[in-house]
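Student: One structure, as C-alpha cells, below. Some questions next.
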DNA sequence: ACCTCGAATACAAACGTTTGTATTCAATGG
DNA sequence: CCATTGAATACAAACGTTTGTATTCGAGGT
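Protein chains in written order, with our numbering: chain P, 765 to 1101; chain Y, 765 to 1101.
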C-alpha cells in the first residue's frame, strides 16, 4: 500500500436500474416520486437504492438542470457573533424549507468576497445571500442577470432586507444626549453599508442639539479587538476628555471599557460607553452594555424567505425597513459631576 | 414581464473554441496551461476567455474528474468564538494553498451533522474536515473509504489533529487546588470528544489531592448562555457553597459570573470561576477570565495541512498532541477566609 | 523523393443525470 | 377480433468538461 487511495466508486442510477431490471430513466422518476411509475416498481427501486447506499451526484444533476439547488451565503466575519447570529437565522430558515446553503467567510476583505462569489457562480448556485457586502454596486448588478442576489442592509440594491442603521445610531446618540452628554466621541468602523448612516446619525444628533462637531472626537476601528487599546489611549490623551463614547460595535465597546479600566477610569462612573449589535454576551459582561439590538436572526430568516419567494416567481414586495431597538443597560449613565 | 427570470446562459468552452477556431479540447488544455498547446494559441484563447467572461462549470468538471476539488468543513457551532477561530485557521491555510472550502454549521446536532456530510458526499468533495464531531465512530469509518476525513480532537479517529483536553482541564484543577480550594463545582457540557476527558481530569485531580468526589457538585451546561442563570441558582442553593467553579467554557463562565453577581456574590472575592477556550473576549471582560487556551487557529491550519499531505499521498505522520496552556487572569483567587 | 519524427491540434468517448418522445402491452369498446 | 386508449416503461439526446488516441503538417535526415 504505497498510497492510501480513496475509491470514488459511486453507485449510480444505472447500477440501480440493472438491479431492478428497469431503465435508468425509470429509476430517476421513481426516486423523484413521479406519477409515471407504478407504485410497486417505485418501492422496489427505493428499496434497492437504500440497500446499495445510493448517493446522487449533484454534479450530474446540476449539469443537466443548469442549477445546483444550492444557495450561496457570503458572511463578512463569522468571528463576530453579530454575523454568526444572522447565519443561524439563515440556516434555520433554509433547513425549514429544505434549501441547501453553502457558507463562505470573507473576513471583511473585498478580494475574498469576490472569490466567494466566483466559486458560487462556478457551482451554478440558485441564489446568493450577501449580507453587508463590501463590493461595489456594479459588481453585483452584473450578477443579478444570472441569479437572484439578496442583500442585507444595502438600500441601493435591487433586492434587499434591511434594518434602519440611521435610526439605531440616532437612538444611542439621543440617549446619551438626554443624559446630559455633550462631548461624545464616536468610533466608526470599516467601510460597508452601515458606516455612512451611522456617521450621518451622529452628526445629525449633534446638530439637532446645537452641539458642534469636533473632528478629533472621531476615531476609526478596524474590527480587531486589540486595536481598542490604542483607541482608548488616544481618547485619554485628548485635552478635554469626552464624557461618553459611542463605539462601532459591542466588541469595540468591551475592548474600550477594558482599556479605560486599565487606565483607572470607571464605566459609566467616569465615562459612558455605548455599543452596537447586542451580541450574545452584551448583557453578561460588566458593566452590561447599552447597545442597539438588530434583529439579525430574523433578518437572516427573512432574506431566505425573500429568496424563496423570488424563485417561486413572486413579485418582489417593497422592501420593508426593520427597526432596531435601543437596549439600555448599565454601561451608560449621567455625565460625571 | 410576468416573472423575473434568470438566464443561466453559460459561456462554455465550446463557445470559446468556436471564437478561437480551435477544438474544445485545445481550449481546456490552454486554460490548464498545458505544454501541448502553442504559446500563441494559448494566449489568444486566454484573451477570448477573459473577454467573454468565461466561468468554468464545476459540475461538468466534477462529473468527469470524479472529484470536485472542494473540501467540506463541518463546524459544530459558529456562534461560539472558539470554533469561529478554528474556522479562520482552516480558511486562511486553505486560501494559502488555494484549496476551496465549503462550510456547514451543525448547531451541535447530530442530525445536522449527518445532513452536512450527506451534502458533501453528493458534491464529491475531495476531503472532509470535521472538528469535534458528534456522530459515532462507525459513521465516519464508512466515509473514510471514499474520501479522507480529518478530525479535530478525536483520538480514536484514523486521521486527527488534537489537543490534550485532559491536560487542560487538569491544569485548571491544579491551579484551583493550589489556591486552597477543596469544594470545586464542575460544569460539564454537551457530549462530544472532550466531555469525558474533562470529567476524568476533574476526578483525577480530586483523587490525587485526597478530595472526595461529590455528585451534587456536578452540573450540566447545554451551551445556551441563558441556561447559566439556572445553574447559578442551583449552585447557590447547595447547603455548603463551593468556593470555586470550573465552567465548561468561557461563555458558561461569563454567564455564571453574571448570575452570581446578580445574587450579590463577587468573583473572585466570594467564589472563583474558571473557564475554558480562551475566547477573544475572555481577557476583556470583568473580571478577566482564568481559562485554558487552545491553539484553535493553529489546529485549523494544521488540519488543512494534514489533509493536503494525505491527498498528496504522504503517509500520515503520527498524530502529535498539541498542548493547551493555562491562562491565569483575575477570575480566580484564593479561598475566601 | 520518401520516410521519420515531433509538435500542434482534432476527434470521440465518457462522466451521471434528466426529460421529451417512442414503444410496449393489456384492457376496453365497438 | 380489431382499433383505441392509457398506463408503464424504454430509448436517446443533452448538459460542459476532460483525456487518450488519432490526425495533420512541416522540417530534417537519408
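All C-beta atoms, glycine included, are put in the ideal place defined by N, C-alpha and C.
#1: Starting from residue 1035 of chain Y and walking both ways along the alpha helix (DSSP H), at which residues does that stretch end?
#2: Under 7 Å, Cβ to Cβ, is there at least one residue of chain Y near residue 869 of chain P?
#3: CA-CA distance, residue 987 of chain P and residue 789 of chain Y?
#4: To the nearest angstrom, how far is the alpha carbon of residue 863 of chain P from that of residue 825 of chain Y?
#5: Looking at residue 1020 of chain Y and residue 1008 of chain Y, is the spacing between their C-beta atoms short of 7 Å?
#6: Taking the beta carbon of residue 875 of chain P as the centre, do at least 16 other beta carbons fall within 10 Å, making it buried, or is it exposed?
#7: Could you give the uninterrupted runs of the alpha helix (DSSP H) lying entirely in the segment 1051 to 1083 of chain P, keeping only those of 4 residues or more?
#8: In chain order, what residues of the same chain have a beta carbon less than 8 Å from the beta carbon of residue 787 of chain Y, not counting five sequence neighbours either side?
#9: Within the continuous alpha helix (DSSP H) that includes residue 884 of chain P, where are the two ends?
#10: Take residue 924 of chain Y and list the residues in its own chain whose beta-carbon comes closer than 6 Å to its own, dropping the five residues that flank it on each side.
#11: Which residue's Cα is closest to the Cα of residue 1058 of chain P: P:852, P:994, P:1043?
#12: Using a Cβ-Cβ distance under 7 Å, would residue 1028 of chain Y count as near chain P?
#13: List, in chain order, every chain P residue whose beta-carbon is nearer than 8 Å to that of residue 1025 of chain Y.
#14: Confirm, please, whether the CB-CB distance from residue 802 of chain P to residue 928 of chain P is below 7 Å.
#15: Cβ closer than 7 Å: which chain Y residues qualify as neighbours of residue 1022 of chain P?
#16: Given a threshold of 16 other Cβ atoms within 10 Å of its Cβ, counted over all protein chains shown, does residue 962 of chain P qualify as buried or as exposed?
#17: For the beta strand (DSSP E) containing residue 919 of chain P, list its first residue and its last residue.
#18: By how many angstroms is the C-alpha of residue 804 of chain Y removed from the C-alpha of residue 794 of chain Y?
#19: So, under 8 Å CB-CB, residue 910 of chain Y and residue 771 of chain P are touching, yes? Tell me the CB distance rounded to an integer number of Å.
#20: Does DSSP put residue 864 of chain Y in a helix, a strand or coil?
#21: With 7 Å set as the bound, which would you pick, yes or no: does the beta-carbon of residue 913 of chain Y sit closer than that to a beta-carbon of chain P?
#22: What separation, rounded to the nearest whole angstrom, lies between the Cα atoms of residue 872 of chain Y and residue 778 of chain Y?
#23: Residue 971 of chain P: buried (16+ other C-beta within 10 angstroms of its C-beta) or exposed?
#24: Quick one: what's got a C-beta closer than 6 Å to residue 992 of chain P's C-beta in the same chain, skipping five residues either side?
#25: Count the CB pairs spanning the segment 1063 to 1078 of chain P and the segment 845 to 862 of chain P that are closer than 8 Å, and state whether there are at least three.
#26: Quick one: which chain Y residues come within Cβ less than 7 Å of residue 820 of chain P?
#27: Inspect the beta-carbon positions of residue 813 of chain Y and residue 827 of chain P and report whether they are closer than 7 Å.
#28: If you draw a straight line from the C-alpha of residue 1055 of chain P to the C-alpha of residue 1046 of chain P, how long is it?
#29: Given that residue 1044 of chain P touches chain Y, what residues does it touch there, using C-beta distances under 9 Å?
#30: I'd like to know if residue 1104 of chain P contacts chain Y, where contact means its C-beta is closer than 7 Å to some C-beta of that chain.
#31: Is it buried or exposed for residue 797 of chain P, if we count other Cβ within 10 angstroms and need 16 for buried?
#32: Would you please state the rounded distance, in angstroms, between the beta carbons of residue 880 of chain P and residue 868 of chain P? I believe it to be under 8 Å.
#33: Determine whether the Cβ of residue 864 of chain Y lies closer than 7 Å to any Cβ atom of chain P.
#34: How is the alpha helix (DSSP H) around residue 1016 of chain P delimited, first residue to last?
#35: Buried or exposed: which applies to residue 1002 of chain P, given that a residue is buried once 16 or more other Cβ atoms fall within 10 Å of its Cβ?
#36: In chain order, what residues of the same chain have a beta carbon less than 7 Å from the beta carbon of residue 845 of chain Y, not counting five sequence neighbours either side?
Tutor: So, from the listed chains and residues:
#1: The residue you call residue 1035 of chain Y lines up with position 271 of the second chain. Bounds of any alpha helix (DSSP H) do not take in residue 1035 of chain Y, whose DSSP letter is neither H nor E.
#2: Against the first chain, residue 869 of chain P aligns to sequence position 105. Chain Y contact via Cβ: present.
#3: Position 223 of the first chain, counted from the start, is the residue given in the question as residue 987 of chain P. Position 25 of the second chain, counted from the start, is the residue given in the question as residue 789 of chain Y. If you take the alpha carbons of residue 987 of chain P and residue 789 of chain Y, they lie about 47 Å apart.
#4: Against the first chain, residue 863 of chain P aligns to sequence position 99. Against the second chain, residue 825 of chain Y aligns to sequence position 61. Distance between the alpha carbons of residue 863 of chain P and residue 825 of chain Y is about 24 Å.
#5: The residue you call residue 1008 of chain Y lines up with position 244 of the second chain. The residue you call residue 1020 of chain Y lines up with position 256 of the second chain. Taking 7 Å as the Cβ cut-off, residue 1008 of chain Y and residue 1020 of chain Y do not qualify as a contacting pair.
#6: The residue you call residue 875 of chain P lines up with position 111 of the first chain. It is exposed - the Cβ of residue 875 of chain P has fewer than 16 other Cβ atoms within 10 Å.
#7: 1060 to 1075
#8: By one-based count along the second chain, residue 787 of chain Y stands at place 23. For residue 787 of chain Y, where only same-chain residues beyond five positions count, the Cβ hits under 8 Å are 781.
#9: As a working mapping, residue 884 of chain P is identified with position 120 in the first chain. From DSSP, the alpha helix (DSSP H) with residue 884 of chain P extends over 874 to 886.
#10: As a position in the second chain, residue 924 of chain Y is number 160, starting the count at 1. Taken in chain order, the residues that qualify are 915, 918, 1083.
#11: As a first step, residue 1058 of chain P must be located in the first chain, where it is residue number 294. Residue P:1043 is the option with its Cα nearest to residue 1058 of chain P.
#12: One-based indexing of the second chain puts residue 1028 of chain Y at position 264. Answer no: the Cβ-Cβ gap between residue 1028 of chain Y and chain P never drops below 7 Å.
#13: Counting from one through the second chain, the residue named residue 1025 of chain Y turns up at place 261. Here the neighbours are 1050.
#14: Along the first chain, one-based indexing puts residue 928 of chain P at 164. Along the first chain, one-based indexing puts residue 802 of chain P at 38. It is not a contact, given that the beta carbons lie outside the stated cut-off.
#15: In the first chain, residue 1022 of chain P corresponds to position 258, counting from 1. Near residue 1022 of chain P (Cβ distances below 7 Å), the residues of chain Y are 1048.
#16: By 1-based counting over the first chain, the position of residue 962 of chain P is 198. It is buried - the Cβ of residue 962 of chain P has at least 16 other Cβ atoms within 10 Å.
#17: Along the first chain, one-based indexing puts residue 919 of chain P at 155. Run containing residue 919 of chain P: none; DSSP gives neither H nor E here.
#18: The residue you call residue 794 of chain Y lines up with position 30 of the second chain. The residue you call residue 804 of chain Y lines up with position 40 of the second chain. Approximately 10 Å between the Cα atoms of the pair.
#19: Here residue 910 of chain Y refers to the residue found at position 146 of the second chain. Here residue 771 of chain P refers to the residue found at position 7 of the first chain. The Cβ separation is near 7 Å, so the contact holds.
#20: Start at 1 with the first residue of the second chain, and residue 864 of chain Y comes out as number 100. Strand at residue 864 of chain Y.
#21: For the purposes of this step, residue 913 of chain Y is identified with residue 149 of the second chain, where counting begins at 1. Cβ-Cβ to chain P under 7 Å: no for residue 913 of chain Y.
#22: Numbered from 1 along the second chain, position 108 holds the residue referred to as residue 872 of chain Y. Numbered from 1 along the second chain, position 14 holds the residue referred to as residue 778 of chain Y. When rounded, the distance between both Cα atoms is 45 Å.
#23: Position 207 of the first chain, counted from the first residue, corresponds to residue 971 of chain P. With fewer than 16 other Cβ atoms within 10 Å, it is exposed.
#24: Position 228 of the first chain holds residue 992 of chain P. The answer, listed in chain order, is 1016, 1019, 1020, 1023.
#25: yes
#26: Counting from 1 along the first chain, the entry for residue 820 of chain P is found at position 56. Neighbours of residue 820 of chain P in chain Y, taken as residues at a C-beta separation under 7 Å, are given in chain order as 886.
#27: Reading the second chain from its first residue, position 49 is the one you call residue 813 of chain Y. Reading the first chain from its first residue, position 63 is the one you call residue 827 of chain P. Not closer than 7 Å, so no.
#28: Working through the first chain from its first residue, we reach residue 1055 of chain P at position 291. Working through the first chain from its first residue, we reach residue 1046 of chain P at position 282. In a straight line, the C-alpha of residue 1055 of chain P is about 8 Å away from that of residue 1046 of chain P.
#29: Numbered from 1 along the first chain, position 280 holds the residue referred to as residue 1044 of chain P. Chain Y residues near residue 1044 of chain P: 843, 989, 1015.
#30: Here chain P covers residues 765 to 1101 and nothing more, so residue 1104 of chain P does not appear.
#31: By 1-based counting over the first chain, the position of residue 797 of chain P is 33. Exposed, because fewer than 16 other Cβ atoms sit within 10 Å of the Cβ of residue 797 of chain P.
#32: Residue numbering aside, residue 880 of chain P sits at position 116 when the first chain is read from its first letter. Residue numbering aside, residue 868 of chain P sits at position 104 when the first chain is read from its first letter. About 4 Å; that satisfies the 8 Å criterion.
#33: Residue 864 of chain Y sits at position 100 when you count from the first residue of the second chain. Yes, because at least one Cβ of chain P sits closer than 7 Å to the Cβ of residue 864 of chain Y.
#34: Residue 1016 of chain P sits at position 252 when you count from the first residue of the first chain. 1014 to 1026 is the extent of the alpha helix (DSSP H) around residue 1016 of chain P.
#35: The residue you call residue 1002 of chain P lines up with position 238 of the first chain. That one is exposed.
#36: One-based indexing of the second chain puts residue 845 of chain Y at position 81. Beyond the five residues adjoining it in sequence on each side, residue 845 of chain Y comes within less than 7 Å, by CB distance, of 1043, 1044 in the same chain, given in chain order.
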